[in-house]
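This report refers to the structure that appears directly beneath it.
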Amino acid sequence: MKLIQCIIQPYKLDELVEALQNVAPGMTVSEAKGYGRQQGHVLVYRGVEYEVALLPKMMIEIVVDDNRVEDIVKVVIATAGSGEIGDGRIFVFPVIENYHIRTGFMECD
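In my numbering, the protein residues as written are 1142 to 1250.
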């Protein structure tokens, strides 16, 4: 099993969730803040400039069987990508074990 962690622009969330509904068995969505090459930007509020270093992002986490990873990554790139700096990142991690909290049942690869 693999954990796919996607960090995307907030305005792409609804479109991506809709695209993933037929491919992913489930997902967790969280608000996140961060910066990379995008570096942040300057906002003006009531005539005063503020530098915003951490920009709002959305993080989607999906746990899937190994053979589904490539399909999900393709959907994320096609849906969340705009070709601009700051589109986000996709990370894939191995999942060694997972447990159902209600039953205590362990699933492993």
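Positions of the beta carbon are idealized from the N, C-alpha and C atoms, including for glycine.
Values in this document were obtained by computation on a predicted structure and should not be read as measured data.
- Note the first and the last residue of the continuous beta strand (DSSP E) segment covering E1190. 1189 to 1193
- Query: Helix, strand or coil: how does DSSP classify N1239 here?
  - Reply: strand
- Task: Pick helix, strand or coil for T1244, following the three-state DSSP scheme.
- Result: coil
- Item | N1163 versus E1190 - alpha carbon distance | 44 Å
- Task: State the start and end residues of the unbroken beta strand (DSSP E) segment that holds K1198.
- Result: 1196 to 1205
- Item | Separation of N1208 from V1158, as counted between CA atoms | 20 Å
- Bridge partners of R1230, per DSSP? I1148
- For E1156, the three-state DSSP class (helix, strand or coil): helix
- Query: What residue from G1245, E1238, Q1150 has the CA that sits closest to K1198's CA?
  - Reply: Q1150
- How would you label G1222, buried or exposed, when you count the other beta carbons within 10 angstroms and need 16 or more for buried? exposed
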